[in-house]
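For what it's worth, this note's numbering labels the leading residue of the sequence shown as 931, then goes sequentially. For each residue, glycine too, the CB sits at the ideal point set by N, CA and C. Step one of this worksheet: look at the structure below.
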Amino acid sequence: MIKLHHLNRSRSLRILWLLEELGVEYEAIRYERDAKTNLAPPELLNLHPLGKSPVLEIDGRMVIESAAIVEAICAKHGQHLVPPTNSDAYISHMELMHFAEGSVMLPILLNLYTTKLGDGAAPLQPRIQSELNNHFSYMEQTLRPSGHWVSDGLSAADIMLSFPATIVLRYGMGDQFPKIAAFVEWMQNRPAFKAAVAKGGGD
Ligand SMILES: N[C@@H](CCC(=O)N[C@@H](CS)C(=O)NCC(=O)O)C(=O)O
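Printed below as a string of structure tokens:
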């Protein structure tokens, strides 16, 4: 049985969404962020030295990193969500799977941490904001007329990009990036996404 170690308000929601879309049998084990620090509880350190979420138990192995977890689940239960390896779409799939936790997360995390510096962050802000725009614009441009990133329907890359896409809206930038906003609206209306939110504790 697949077990997902899920932290509230985290990237792990995309794994819950994927599992719900695939209708796979799994158990979600919930962990709550510390109310003061917003950090993960120490119990996650019992599973993996990084102490972060998501962590997936599959075939007797602990897997970390959302993109690796998505690939591992799709390899077993969702081959239709990944393009054939010899196709051009597969290259796009790989680019976006890595982009979602690599390139785009750097300005997002810089923004998160530097806002804690207050006015001290002012010299960094223009570069951070221009890099947020740069990466969100790339996401907007690569969304296909179908409303998806790699194919004409849901794919693994959509699952991975759902996290930064949600952040675009949280930053109040939905008007600037209407295709991303439409994707998030589509996702939030999916029964599987609603079930994932409920499984994750409602947030
Ligand atoms: N690149 C990793 C990032 C994992 C990660 O940083 N998870 C966050 C949740 S969004 C976490 O566990 N944060 C709690 C903490 O750092 O204490 C992935 O994609 O799984």
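Short of 7 Å from the beta carbon of E962, and not among the five residues preceding or following it, lie these beta carbons of its own chain, in chain order: N938 and P971. Between P984 and H1023, the C-beta spacing is not below 8 Å.
DSSP places V1114 within a helical segment (H, G or I) once states are collapsed to three.
Secondary structure of M1103 (DSSP, three-state): coil.
Of the other Cβ atoms in all chains shown, 16 or more fall within 10 Å of the Cβ of H1007; this residue is therefore buried.
Remark: the C-beta of P984 is in contact range of ligand 1, defined as less than 7 Å to any heavy atom.
With contacts defined by Cβ atoms closer than 8 Å, M1069 and S1092 do not form a contacting pair. Note: R991 is bridge-paired with I988 in the DSSP secondary-structure output. Under the three-state reduction of DSSP, K982 is assigned to coil, being neither helix nor strand. Taking a contact as a CB-CB distance under 8 Å, the pair L1073 and I1110 counts as one, their CB atoms being some 7 Å apart. Under the three-state reduction of DSSP output, A998 falls in the helix class. Between the segment 977-992 and the segment 1019-1036, the count of Cβ pairs shorter than 8 Å is below three; the stretches do not touch. Each of M1090, V1114, G1131 and F1066 was checked against the Cα of Q1106, and the nearest Cα belongs to F1066. D1088 counts as buried, since no fewer than 16 other beta carbons sit within 10 angstroms of its beta carbon. Secondary structure of A958 (DSSP, three-state): strand. Unbroken alpha helix (DSSP H) runs of no fewer than 4 residues, entirely contained in the segment 1004-1088, are found at 1018-1031, 1035-1044 and 1055-1072, following chain order. Looking from the CA of M1027, the closest CA among L1036, N968 and W1079 belongs to W1079.
Here A1122 has W947, E950 and E951 as same chain residues with Cβ atoms under 7 Å from its own Cβ, once five neighbours each way along the sequence are excluded.
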